[in-house]
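*Asks:* Encoded as C-alpha cells, here's the structure I'll be asking about.
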Amino acid sequence: MTKVLMVCLGNICRSPLAEGILQSKIDPEKVFVDSAGTAGYHIGNQPDKRSIAVAQKYGLDISKQKCRKFSVQDFMDFDRIYVMDQSNYENVIALSKNEEEKNKVKLLLSAGDSTLIEVPDPYYGGEDGFEAVFQMIDHACEAIATELISK
1 MTKVLMVCLG NICRSPLAEG ILQSKIDPEK VFVDSAGTAG YHIGNQPDKR SIAVAQKYGL
61 DISKQKCRKF SVQDFMDFDR IYVMDQSNYE NVIALSKNEE EKNKVKLLLS AGDSTLIEVP
121 DPYYGGEDGF EAVFQMIDHA CEAIATELIS K
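Letter 8 of the sequence shown, counting from 1, is numbered 8 in UniProt numbering, and no numbers are missing.
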C-alpha cells in the first residue's frame, strides 16, 4: 500500500482538501491518504467551513477530518509527502534526518503541469479563493492518482 500525506500550515484549508480530493481518485485498498499541518494551531478541529463547503460542492465530504500536526514519525509512516508551498516545504525538510526522508517531500503542484509553484493559502480571503485552490489541488491530484494507478 502506498501512503500519501498532504501538508499545509494549519491543516484546515488546503491539505484537508488535498486529502479528500486524492481519496476520491484512488483505490483505498491500494493508497492511504492523510493530511497534517506544520503548525499546531488547530489540532483536533474540523477543516475550515469554507473548505468543507467547496468540497461538498463537488460531492466530497471532508467534515469528519481532524486537524493534526506534522511529526517526524510521518517520514517513516508515509511514502510521499506533498506540501502546499515553499514555507511548508522548508518546515518539513528541516525535520528530516537524511536524504531518503528529504526525497519523499515535494511541492504538490509539481505533480501536475501547473505554471504555478505554490498553492496559495485561502484562509484570509473569500469564497472564490477556496474555489481556485480546489481547482489547483484537483488538477495536481489527478496527476498523482494517474501516476499511482500506473505503478
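Note that the Cβ used here is the ideal one computed from N, Cα and C, for glycine as well.
#1: Below 7 Å CB to CB, which residues in the same chain sit around L148 once its five sequence neighbours on both sides are set aside?
#2: Considering only residues of the UniProt domain "Phosphotyrosine protein phosphatase I" (2-147), which uninterrupted beta strand (DSSP E) runs meet the minimum length of 3 residues and lie entirely inside it, listed in chain order?
#3: Can you give me the Cβ contacts of V72 inside the same chain, cut-off strictly under 7 Å, excluding the 5 residues immediately before and after it?
#4: How do the stretch 75-84 and the stretch 40-48 stand: do at least 3 beta-carbon pairs fall below 8 Å, yes or no?
#5: Enumerate in chain order the residues of its own chain whose CB-to-CB distance from S15 is below 6 Å, with the five nearest sequence positions on each side excluded.
#6: Nearest to G10 by CA position, among I144, C141, K66, is which residue?
#7: Please tell me whether G129 and I62 are closer than 8 Å, where the distance is taken between their beta carbons.
#8: In angstroms with no decimal places, state the Cα-to-Cα distance between Q86 and E29.
#9: Just to confirm my understanding: we take H42, look at its own chain, exclude 5 residues before and 5 after, and list those with CB closer than 8 Å. What are they?
#10: When the Cα atoms are used, what is the spatial distance from Q56 to V119?
#11: Count the other CB atoms, across all protein chains shown, that sit within 10 Å of the CB of Y124; report buried if there are 16 or more and exposed otherwise.
#12: So L109 and A140 are supposed to be a Cβ contact under 8 Å. How far apart are they, rounded?
*Replies:* So, from the data block:
#1: So the qualifying residues of the chain are T2, I26, V31.
#2: Runs found: 2-8, 31-37, 80-83, 105-107.
#3: Excluding positions up to five away in sequence, the list reads L95.
#4: Output reads no: the stretch 40-48 does not touch the stretch 75-84.
#5: The answer, listed in chain order, is M6, V7, C8, S35.
#6: G10 has its Cα closest to that of K66, out of I144, C141, K66.
#7: No, the pair does not count as a contact, with Cβ atoms beyond the cut-off.
#8: Distance between the alpha carbons of Q86 and E29 is about 31 Å.
#9: Hits under 8 Å: G10, N11, I12, C67.
#10: Cα to Cα, the separation comes out at about 20 Å.
#11: Burial state of Y124 is exposed, judged by a 10 Å Cβ sphere holding fewer than 16 other Cβ atoms.
#12: A140 and L109 do touch by the CB rule: their CB atoms are close to 5 Å apart, below 8 Å.
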